[in-house]
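**Q** I have a structure here, written as structure tokens, and I will follow up with some questions on it.
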Amino acid sequence: MVDLDASALTTTELNRKLRELAAQGTEHIHILNPQARHNIAVGLLDTCSITIEGSVGYYAASLMDGPQVTINGNAGWALGENLMKGKVVLTRNAGASLASSMRGGEVFVAGNAGARAGIGMKGGSLVIGGDAGFMTGFMMQRGTIIIGGDVGEGVGDSMYEGTIYVGGEIGSLGSDAKIEEASESELIQVWETMERHGIHDRKKFTKIVSAKKLYHFDSLERLEKRAV
Amino acid sequence: MVLGSSHIWATHHIEDIHAKAELGRYRIRGFSTFQKVTHFDDLVFLSTGLTRFPLEGYKEKCNTQVVLGARYASEPLVIDTPIYVTGMSYGALSRNAKVALGKAASLVGTATCTGDGGMLQDERDASNKLIYQVLPSRYGFDPHHLMGANAAEIVVGQGAKPGTGGLLMGVKVADNIAEMRELPLGIDQRSPTRHPDWLGPDDLSIKIEQIREATEGRLPISVKLGACRVADDVKLAAKAGADTIVIDSMVAGTGASAEILLDHSGIPTVPAIVQAREALRELGLYGQVSLVASGGIRNGADVAKALALGADAVAIGIAALIALNCNKEIPGTNFEDEIGVKAGYCNRCHTGLCPVGIATQDPVLEARLDPDEGAERVANFINSMTMELALLTRSLGKGDVRSLEPEDMAALTIEASAMAQIPLAGTNKVFGM
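Protein chains in written order, with the working numbering: chain A, -13 to 214; chain B, 265 to 697.
Below you can see the structure in the form of structure tokens.
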């Protein structure tokens, strides 16, 4: 294990050091004093394990492909943005645009998330222990979002595919989103996922999917034929 | 007088109402605006006479190489001609078209750009210098591709349809395209227009910093803006830390847009460049932040005039596609049968029925475009424009295209004088000052 005192490094130096240590096969990196700075642990493409002791700013653990990052604190906007694979765990609350455009891997937030959680999500799994803000799952394409608590207005607006499970109250459904009955096996999967993260309250989750009514224009001109 | 004489109720307006009365929605087409706007044709060069000497027009050395994005990037983009190929998606265009454009750019020492559909590996392989776009949709966005690129471009808006995202009709959302974009097969794809992870200029500065961190400060980062409130947008993009600002005007092209946006939003290229230049000058950043103009670049004179107005380079889209045979009957094509109009009149890129294999995902049509032959034509065309640019530059007594300036030109119309902020020909008067 290697300890890094972020307060003694610029963000660029810290990210460079993380890349070097990961490339050398360092198994665990421990970052102290992150000072809630933006862009910590950005663009890491090697497998490694990182723990950050304290809160981080925007874009923490973003543009990553492989690492496992645990943050013991809060995070600003776009935590885990465009994650390809790997895992991001946040012990407290996340700001807006959590896990935006993530394509794979897993993001878990123990507390609440701000607006637009899982916006443009393209794969993987986003799990929020607490509440999530408005426009959660906006234009989501693939993947799964699980929200243990309540979700705000416009959930699942214009989603294409993927599934959103909500344990608490729903502010309102977004355009072209609909509620569908979750099957027993789906509920068991959701409960098991929550239990892996230490949440044992087996709620009756509401399942939200795309109504698929906005997939196509209602009408076409003569030459605008359909592919399928 | 008969109805056809009316400018208000012109025949195309009548046809448009008939079509919408059937369709029940906005109409879609490709190409570019039909509005008559002030353009580069309304400006002329004041070549040398007794006040200054010309350079030998055909041979004497004239530098055409430019460097883009040197403000912060440790590896700015160096291109041998101030003309590069703009972002057009694999999806809007066929694989053969994307590969041809990449090869052409490499042949003439310039760059090409990905577009709203992710990076095609064949395109990367064909392109010595590739600009990787960061779009609101993030279709296929891959940090590996970003790190392997030669520049990054954050797209805020597109000149043809500022304030809206990409549009790709279902016929073009074929197997590969749907998979690369992680979308359901065959949907009428309407891309997001807001970025998922940032909203305003303060967030944008953190986004730029993120890309800089991910690419270790190597890549120049440009911000592409649809030309609307140009002065304010350019100042905000520059303040956010852009190395390069791309101004894409209302004249610029698209593979598919609602017609109503093409013809009724944005401002033309000429005033857009001038406003961008003055905004950077006001910040003391003119010359530090590179400026790229796009929209309606057709020949070396357009390039020269864009540079003289203040751009460091131009990006071409439609012109490169025309060089690839867009709107040309070639062996095997029959435009009237296949797309309902004669060659030279086609703007139906969005239908996926492109007879010459450029704007299609149909393998039979795509086979009509040979990427090597296409690359040669586009390379020839860019070389021709570069020679025209150098010819004009020498005729003005200059040995470097970077020395072109507004003082080299006069305006042919009062409107062009006001928009370009240069004197009306035959007068010393700049209108609108």
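Backbone N, C-alpha and C fix where the C-beta goes; we use that ideal spot for every residue, glycine too. These numbers were taken from a predicted model, which means no experiment stands behind them.
Provide the residue span of the alpha helix (DSSP H) that contains Lys471 (chain B), from first to last.
**A** It spans 465 to 478 - the alpha helix (DSSP H) in which Lys471 (chain B) sits, taken as one unbroken run.
**Q** Contact criterion: CB-CB distance below 8 Å. Does Phe203 (chain A) meet it with respect to chain B?
**A** Chain B contact via Cβ: present.
**Q** Any contact between the segment 539 to 549 of chain B and the segment 368 to 377 of chain B? By contact I mean 3 or more CB pairs, one from each, below 8 Å.
**A** Short answer: they don't touch.
**Q** Which chain A residues are close to Phe405 (chain B), counting only those with a beta carbon under 8 Å from its beta carbon?
**A** Under the 8 Å cutoff, chain A gives Asn68, Ser87, Arg89.
**Q** With Val487 (chain B) as the anchor, note down where its beta strand (DSSP E) starts and where it stops.
**A** Here the beta strand (DSSP E) through Val487 (chain B) covers 485 to 490.
**Q** For a contact meaning CB atoms closer than 9 Å, what does Leu483 (chain B) contact in chain A?
**A** Correct list: empty, because the minimum Cβ distance to chain A is about 11 Å.
**Q** I'd like to know whether the C-beta atoms of Ser205 (chain A) and Arg402 (chain B) end up nearer to each other than 8 Å.
**A** Not in contact: Ser205 (chain A) and Arg402 (chain B) (Cβ atoms no closer than 8 Å).
**Q** Can you name the start and end residues of the alpha helix (DSSP H) that Arg541 (chain B) belongs to?
**A** First-last of the alpha helix (DSSP H) with Arg541 (chain B): 533 to 547.
**Q** Keeping to the same chain, check which residues put their C-beta closer than 7 Å to that of Leu310 (chain B); ignore five residues upstream and five downstream.
**A** So the qualifying residues of the chain are Asp672, Met673, Ala674.
**Q** How is Val214 (chain A) classed by DSSP in three states: helix, strand or coil?
**A** Reliability of the predicted coordinates at Val214 (chain A) is poor, the pLDDT of 46 falling under 50, and the value obtained from them is presented with this limitation in mind. In the structure shown, Val214 (chain A) sits in coil (DSSP, three-state: anything other than H, G, I, E or B).
**Q** Roughly how many angstroms lie between the CA atoms of Phe645 (chain B) and Glu166 (chain A), to the nearest whole one?
**A** So the alpha carbons of these two residues sit roughly 56 Å apart.
**Q** Under DSSP, the beta strand (DSSP E) around Leu332 (chain B) begins and ends at which residues?
**A** Unbroken beta strand (DSSP E) run through Leu332 (chain B): 330 to 332.
**Q** Can you check the segment 605 to 639 of chain B for any alpha helix (DSSP H) of at least 4 residues that lies completely inside it and give the ranges in chain order?
**A** Listed in chain order, they are 627 to 630.
**Q** Where does the unbroken beta strand (DSSP E) through Asn58 (chain A) begin, and where does it stop?
**A** Its beta strand (DSSP E) spans residues 54 to 58.
**Q** Near Ala283 (chain B), which residues of its chain fall below 7 Å by C-beta distance, leaving aside the five closest residues on each side in sequence?
**A** Contacts found: Arg291.
**Q** What distance in whole Å lies between the Cβ atoms of Val437 (chain B) and Lys211 (chain A), which are believed to be in contact at a cut-off of 8 Å?
**A** With 8 Å as the limit, Lys211 (chain A) and Val437 (chain B) do not qualify as a contact, their Cβ atoms being about 13 Å apart.
**Q** Can you tell me which of B:Ile281, B:Cys326, B:Asp305 puts its alpha carbon nearest to the alpha carbon of Leu660 (chain B)?
**A** Cα-wise, what sits closest to Leu660 (chain B) is B:Cys326.
**Q** Would you say Ile470 (chain B) faces chain A, with C-beta separation under 8 Å as the test?
**A** Yes - at least one Cβ of chain A is within 8 Å of the one on Ile470 (chain B).
**Q** Take the Cβ of Arg182 (chain A) as the centre, count every other Cβ of all protein chains shown within 10 Å, and call the residue buried at 16 or more, exposed below.
**A** Answer is exposed; the Cβ neighbour count stays below 16.
**Q** Can you list, in chain order, the residues of its chain whose CB lies under 6 Å from that of Ser144 (chain A), leaving out five sequence neighbours each side?
**A** Excluding residues within five positions, the ones whose Cβ falls inside 6 Å are Met125, Ser161, Asp162.
**Q** Against chain A, with Cβ distances strictly below 8 Å, would Ile622 (chain B) count as a contact?
**A** So, not an interface residue.
**Q** Which of the three DSSP states is assigned to Leu314 (chain B) in this structure?
**A** If DSSP states are grouped into helix, strand and coil, Leu314 (chain B) belongs with coil.
**Q** Whole angstroms is fine: what's the gap from Asn360 (chain B)'s alpha carbon to Glu443 (chain B)'s?
**A** Straight-line Cα distance between these residues: approximately 18 Å.
**Q** If we ignore side chains and look at the alpha-carbon of each, how far apart do Val214 (chain A) and Asp51 (chain A) end up?
**A** Interpretation of Val214 (chain A) is limited by its pLDDT of 46, a score under 50 that renders its predicted location unreliable; no figure is taken from the coordinates.
**Q** Specify, as a first and last residue, the run of the alpha helix (DSSP H) that Ala579 (chain B) falls within.
**A** Premise fails: Ala579 (chain B) lies in the beta strand (DSSP E), 577 to 580, not in any alpha helix (DSSP H).
**Q** Is the Cβ-Cβ distance between Thr77 (chain A) and Gly90 (chain A) less than 8 Å?
**A** Not in contact: Thr77 (chain A) and Gly90 (chain A) (Cβ atoms no closer than 8 Å).
**Q** Counting along the chain, where does the beta strand (DSSP E) carrying Thr508 (chain B) start and finish?
**A** Note, Thr508 (chain B): beta strand (DSSP E), 508 to 512.
**Q** Return the Cβ separation of Pro407 (chain B) and Asn25 (chain A) in integer angstroms, given the expectation that the two are a contact with Cβ distance under 8 Å.
**A** Pro407 (chain B) to Asn25 (chain A), Cβ: 13 Å. No contact.
**Q** Nearest-angstrom Cα distance between Lys503 (chain B) and Gly43 (chain A)?
**A** Distance between the alpha carbons of Lys503 (chain B) and Gly43 (chain A) is about 20 Å.
**Q** In terms of residues, what are the limits of the alpha helix (DSSP H) holding Lys362 (chain B)?
**A** Start and end: 359 to 371.
**Q** Distance, Cα to Cα, Asp496 (chain B) vs Ser681 (chain B)?
**A** Going from the Cα of Asp496 (chain B) to the Cα of Ser681 (chain B) covers about 22 Å.
**Q** Between Ile105 (chain A) and Pro460 (chain B), which are expected to be in contact by the criterion C-beta below 8 Å, what is the C-beta distance as a whole number of angstroms?
**A** About 4 Å separates the two Cβ atoms, so the contact holds.
**Q** Rounded to whole angstroms, what's the CA-CA distance from Gly153 (chain A) to Leu112 (chain A)? Just pull it up for me.
**A** Between Gly153 (chain A) and Leu112 (chain A), the C-alpha separation is close to 14 Å.
**Q** Assuming Asp512 (chain B) contacts Ser455 (chain B) under a Cβ cut-off of 8 Å, what Cβ separation, rounded to an integer in Å, is found between them?
**A** In fact, because the Cβ distance is near 16 Å, the residues do not count as touching under 8 Å.
**Q** Here's the rule I'm using: 16 or more other beta-carbon atoms within 10 Å means buried, otherwise exposed. How should Val628 (chain B) be labelled?
**A** Val628 (chain B) should be labelled exposed.
**Q** If I measure Cβ to Cβ from Gly430 (chain B) and keep anything under 6 Å in the same chain, skipping five residues before and after, which residues do I get?
**A** Asp380, Ser455, listed in sequence order.
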